[in-house]
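Reading through the structure tokens given below for one structure.
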Amino acid sequence: MFKFVVGALENEEQHSWKKLVFVSIVSPLLSIFSFSGVIYMVNSVARSQKVPPKVIIGFMVFMAIAAVLIGFFSLYKCKLTNRFIYGGAQRLSMKLYELLLKENLEHHNQKSIMQAIVMVRSDTTRCIQIITNYIGIWVNIFTMAGYAAMLAYVSGWIGLVSCVIIFGLAAGLFVWARRKMNTYGEACRKYEIRSNAQISIAYGIFEELKISEKTDSVIKGYQEASEGYVRAQSQFAYQNNSIQTIMQVLVQTAMFLVFAILLMSGMGLFSIMAPMIAYTAALGNVILEAYNIINHMNELEFAKKSYEMVRDGLARYDEVKEEERKNAQMRKKNLTFEKGIFAKNLTFAYEGREALFQNASIEIPKGHSIAVIGASGVGKTTLLGLLLGLLKPQEGTIFYDDYDIVAGEDAEGRCKGSIGELISYIPQTVYMNGATVRKNVAFFEEDSEVNDEHVLECLDCAQIKEDVLKMPEGIHTLIGENGTSISGGQRQRIALARALYKDFELLVMDEATAALDMETEKAVIDSIRQVKGNKTMLMVTHHMSLANECDIVYRIENQKLVRQR
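Counting from 1 along the sequence shown, just add 372 to a position and that's the residue number in our numbering.
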């Protein structure tokens, strides 16, 4: 895991983690060095050696300076660690967020929104912490070895036996807890996703919940997910704390038994008091470092599922970037829309499911309006995904004039062309952010580049200008998250205005007017024709009245596209 995560870091983070290693080593070195001074002074007193006052004063000054330095390095390490973790996680999250925007539609639809949120935010942080945990393990091993050496020095064979017991106990406790930690990590991640999903439900179906007054099942769903998350977190914390407690109890018990045996053997209390103080102090440090090692290793087990998700996401990210690099080296082609779209012999099936299309063909000539109709579930939206390059057919060709978007080639061979400048698209489910009407129309524009006159023209064309001007702040009125403060019909017309804001050759609408009445729907289509002139329109619709207004009508049936007019 460590090697992969380090390899995923940017140059700045590569430098930061090495600096973190250095700072992490300096602090325990100072601690070991100052502790050895304490041991020396204790041994000197125990042997009844006279220590000059100046030496004692000098030692105290040295210890004070060491304490300040240790504190300084600890604070600097804390600052460096936090900056490294959250800075590295932010850069990883940017890669995964970019993947969400650039991956193909099938991969995109395999995740829920909540799974994506947890992967981009929580998983990236846990993944970066893998590096700090590995650093912690090795630094603690190094530190524990130093304290173990001092323990053996001050206590001889008793110290050596104590070290062996602690090492064996630590290894046994880790093996005992390892699987549980992995399970707790997976459970915690699963319930975090479920909890977030239940919160989303409270907003997604708020009206239905209020009307039905049946909130108990939703509340119960959140309670179960929330309790599951808390249970996994508390069990993980308890397991870690119980390991520390078990180690302390067993080692302290053994220590007092050794102390009792020494007294029973005839050794005087005063003669063994100073060595026992040194032994106890060194033993306490060895136990602490052993526990820290186990704690870091448990954190690694806890983060395994998050690591797997980030690893798979970064692998797909690398594939996307590699494809971009290859495309950047290819011949560029400026696509035209002089003839139209011609799709032939399309065969497509989602993975593990029955084919939606078998040798299906469709022609979308320039300057015409085309309607696609059919029963629910026959593949109308999937057809649009194929024609727009969001999905790739298993067989067949899709030509924009002379360019095949499936093979990525024209008559001269392989090349790269983008259909983005030709098409404006209104999906079946329209997303609105919580900003203003103006921002939702000019959605992809920087605020300083928005043309307000063009916004009003598009709103007028979408038959909603008058409604907007009656709003409290006009085009600057906030519409609420996902348009909650406006009606469904107004949302669809603002979505139409968004599509019209862009200069296009082909307007694609997937049930884009389903929430409009027939009169408004017809007025919108007539207005688009009037304003946009000889532009091509492709629409999926259930409204036969709208389909009858189109020049060409296709029906999807029996995995084919049948032209009806």
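Idealized CB from N, CA, C, for every residue including glycine. Predicted model, so just to flag it, every value in this text is computed and none were measured.
Can you tell me whether residue i is helix, strand or coil according to DSSP?
| i | result |
| --- | --- |
| residue 932 | strand |
| residue 722 | coil |
| residue 698 | helix |
| residue 765 | coil |
| residue 733 | strand |
| residue 615 | helix |
| residue 744 | strand |
| residue 546 | helix |
| residue 704 | strand |
| residue 808 | strand |
| residue 822 | coil |
| residue 788 | strand |
| residue 782 | strand |
| residue 652 | helix |
| residue 771 | strand |
| residue 876 | coil |
| residue 777 | coil |
| residue 469 | helix |
| residue 373 | coil |
| residue 523 | helix |
| residue 925 | strand |
| residue 796 | strand |
| residue 717 | strand |
Check the C-beta distance from residue i over to residue j and give it rounded, since I have them as a contact under 8 Å.
| i | j | result |
| --- | --- | --- |
| residue 830 | residue 813 | 6 Å |
| residue 863 | residue 834 | Actually they are not in contact, since the Cβ atoms of residue 863 and residue 834 sit about 11 Å apart, beyond 8 Å. |
| residue 848 | residue 883 | About 29 Å; that fails the 8 Å criterion. |
| residue 713 | residue 736 | 4 Å |
| residue 400 | residue 511 | 6 Å |
| residue 674 | residue 553 | 5 Å |
| residue 441 | residue 402 | 6 Å |
Roughly how many angstroms lie between the CA atoms of residue i and residue j, to the nearest whole one?
| i | j | result |
| --- | --- | --- |
| residue 870 | residue 815 | 7 Å |
| residue 524 | residue 407 | 14 Å |
| residue 923 | residue 703 | 36 Å |
| residue 727 | residue 788 | 29 Å |
| residue 912 | residue 686 | 36 Å |
| residue 745 | residue 776 | 25 Å |
| residue 379 | residue 484 | 28 Å |
| residue 434 | residue 405 | 11 Å |
| residue 767 | residue 817 | 37 Å |
| residue 730 | residue 751 | 12 Å |
| residue 894 | residue 917 | 9 Å |
| residue 613 | residue 513 | 20 Å |
| residue 560 | residue 676 | 12 Å |
| residue 521 | residue 572 | 56 Å |
| residue 909 | residue 748 | 21 Å |
| residue 656 | residue 530 | 14 Å |
Count the other CB atoms, across all protein chains shown, that sit within 10 Å of the CB of residue i; report buried if there are 16 or more and exposed otherwise.
| i | result |
| --- | --- |
| residue 635 | exposed |
| residue 671 | buried |
| residue 701 | exposed |
| residue 935 | exposed |
| residue 608 | buried |
| residue 668 | buried |
Below 8 Å, can you find three or more Cβ-Cβ pairs linking the region 463-477 to the region 487-494? yes
Is the region 596-603 touching the region 556-564 in the sense that three or more CB pairs, one from each, lie closer than 8 Å? yes
Tell me, please, whether the region 648-665 touches the region 530-543 by the rule of three or more beta-carbon pairs shorter than 8 Å. yes
Cβ contact (3+ pairs, closer than 8 Å) linking the region 450-461 and the region 471-483: no
At least three beta-carbon pairs within less than 8 Å, the region 619-630 to the region 526-539: yes
Quick test of the definition: if touching needs 3 or more C-beta pairs under 8 Å, does the region 392-401 touch the region 494-510? yes
Can at least three beta-carbon pairs, one atom from the region 705-712 and one from the region 676-696, be found at a separation below 8 Å? no
Would you check if there are 3 or more beta carbon pairs closer than 8 Å linking the region 837-845 to the region 778-795? no
Inter-stretch contact at 8 Å, needing at least 3 Cβ pairs: the region 611-620 / the region 474-484: no
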